[in-house]
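For reference, the structure discussed in these notes is given below.
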Amino acid sequence: MKKIYFLMLLFAASYVHAQDDTPVSVAKNQFKINVILLPGFVYEHGFSEKTTLYSEASLVTGYRHNGWYDESTWYFTPRITEQLRHYYNLEKRATKGKRTAYNSGNFIALNAHYDFQSISTNKWFDEEVPSFTIGPVWGIQRTYKGKFNIDLHIGAGVNIDQYDTEFTPIANFSLGWVIGK
Numbered sequence: 001m002k003k004i005y006f007l008m009l010l011f012a013a014s015y016v017h018a019q020d021d022t023p024v025s026v027a028k029n030q031f032k033i034n035v036i037l038l039p040g041f042v043y044e045h046g047f048s049e050k051t052t053l054y055s056e057a058s059l060v061t062g063y064r065h066n067g068w069y070d071e072s073t074w075y076f077t078p079r080i081t082e083q084l085r086h087y088y089n090l091e092k093r094a095t096k097g098k099r100t101a102y103n104s105g106n107f108i109a110l111n112a113h114y115d116f117q118s119i120s121t122n123k124w125f126d127e128e129v130p131s132f133t134i135g136p137v138w139g140i141q142r143t144y145k146g147k148f149n150i151d152l153h154i155g156a157g158v159n160i161d162q163y164d165t166e167f168t169p170i171a172n173f174s175l176g177w178v179i180g181k
């Protein structure tokens, strides 16, 4: 009887070890809908075990007040964002028993986004001009039960528009849901 228990223990240990050898990997295809702060749609495609291409189409919303004329306006700017992301802590999260599903992890990325001409609700305000921003970012993405998703990234880059080129901070925080399986 002791031999049977020993064999069962040996089999269980080898099974657990085989589970640990399985590489943790990003999702091959992932769709998200961001509903709060920057509403939009996201597609993230996994190229390798840790690298993805993150593509987002969103709508930047802002409010501006002009004290000189005592007028204010809301403006809306369509934006396209591309990021080449490298998730660097997936194995560490998995060994600690933390969630890695739906690309839940920390990442570094090259961020590039293009802001189109803004649409203003007040004709007295100038509309924002189109601009292109590029730079490195560090971020975290977490997907919880119910596929609720939080994504935050910060960094620094260069913004280029028709008038000038300037150093600028890059930051984004979005809340949404992963859709699909």
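In this note's numbering, the protein residues as written are 1 to 181. Using N, Cα and C, we set each Cβ at its ideal position, and we do this for glycine too.
Would you check if the region 135-152 and the region 101-121 touch, i.e. whether three or more CB-CB distances between them fall below 8 Å?
yes
Restricting to Cα atoms, I'd like to know which of Ile150, Asn149, Thr165, Ile134 is closest to alanine 156.
Locating residue 156 in the sequence shown gives position 156, counting from the first residue. Ranking Ile150, Asn149, Thr165, Ile134 by Cα distance to alanine 156 puts Ile134 first.
Among all the DSSP beta bridges, which residues are the ones paired with asparagine 89?
Counting from one through the sequence shown, the residue named residue 89 turns up at place 89. For asparagine 89, which the question treats as bridged, DSSP gives no partner whatsoever.
Using CA atoms only, rank isn't needed, just tell me which of Ser131, Ile108, Phe107 is closest to phenylalanine 116.
Translated into positions along the sequence shown, residue 116 becomes position 116. The residue with the shortest Cα to Cα distance from phenylalanine 116 is Ser131.
Mapping DSSP to helix, strand and coil, what is threonine 95?
By 1-based counting over the sequence shown, the position of residue 95 is 95. Reduced to three states, the DSSP call for threonine 95 is helix.
Going by DSSP, what residues sit across from serine 58 in a beta bridge?
In the sequence shown, the residue the question calls residue 58 occupies position 58. BP columns for serine 58 point to Gly40, Arg79.
Taking only three categories from DSSP, how would you classify glycine 180?
As a working mapping, residue 180 is identified with position 180 in the sequence shown. Of the three classes helix, strand and coil, the one that applies to glycine 180 here is coil, per DSSP.
Given a cut-off of 8 Å, decide if asparagine 34 and valine 42 are closer than it, judged by their beta-carbon atoms.
Your numbering for residue 42 matches position 42 in the sequence shown. Your numbering for residue 34 matches position 34 in the sequence shown. Their beta carbons are under 8 Å apart, which means valine 42 touches asparagine 34 by this criterion.
Would you tell me roughly how many angstroms separate the C-alpha atoms of histidine 45 and isoleucine 179, rounded to the nearest one?
Residue mapping note: residue 45 aligns to position 45 of the sequence shown, counting from 1. Residue mapping note: residue 179 aligns to position 179 of the sequence shown, counting from 1. Using only the alpha carbons, I get a separation of about 14 Å.
Cutting at 8 Å between CB atoms, please list the residues of its own chain near phenylalanine 47, excluding the five before and the five after it.
Translated into the one-based positions of the sequence shown, residue 47 becomes position 47. Same-chain partners within the cutoff: Leu53.
Asparagine 111 - containing beta strand (DSSP E), residue span
Your numbering for residue 111 matches position 111 in the sequence shown. Start and end: 105-115.
Please report the Cβ distance between glutamate 91 and valine 24, rounded to the nearest whole angstrom; I am assuming they are in contact, meaning their Cβ atoms lie under 8 Å.
For this step, residue 91 is matched to residue 91 along the sequence shown. For this step, residue 24 is matched to residue 24 along the sequence shown. Correct: roughly 5 Å between the Cβ atoms.
Quick one: is phenylalanine 107 buried, meaning 16 or more other Cβ sit within 10 Å of its Cβ, or exposed?
Translated into positions along the sequence shown, residue 107 becomes position 107. Buried, since its Cβ has 16 or more Cβ neighbours within 10 Å.
Express the C-alpha separation of isoleucine 119 and threonine 73 in angstroms, rounding to a whole number.
Counting from one through the sequence shown, the residue named residue 73 turns up at place 73. Counting from one through the sequence shown, the residue named residue 119 turns up at place 119. If you take the alpha carbons of threonine 73 and isoleucine 119, they lie about 10 Å apart.
So leucine 37 and phenylalanine 173 are supposed to be a Cβ contact under 8 Å. How far apart are they, rounded?
As a position in the sequence shown, residue 37 is number 37, starting the count at 1. As a position in the sequence shown, residue 173 is number 173, starting the count at 1. The Cβ separation is near 6 Å, so the contact holds.
Within 10 Å of its beta-carbon, does tyrosine 15 have 16 or more other beta-carbons around it, so buried, or fewer, so exposed?
Taking the first residue of the sequence shown as 1, we reach residue 15 at position 15. Below a pLDDT of 50, predicted positions are generally treated as unreliable, and tyrosine 15, at 40, falls in that range; the measurement from the model is reported next regardless. Counting Cβ neighbours within 10 Å, tyrosine 15 comes out exposed, since fewer than 16 surround it.
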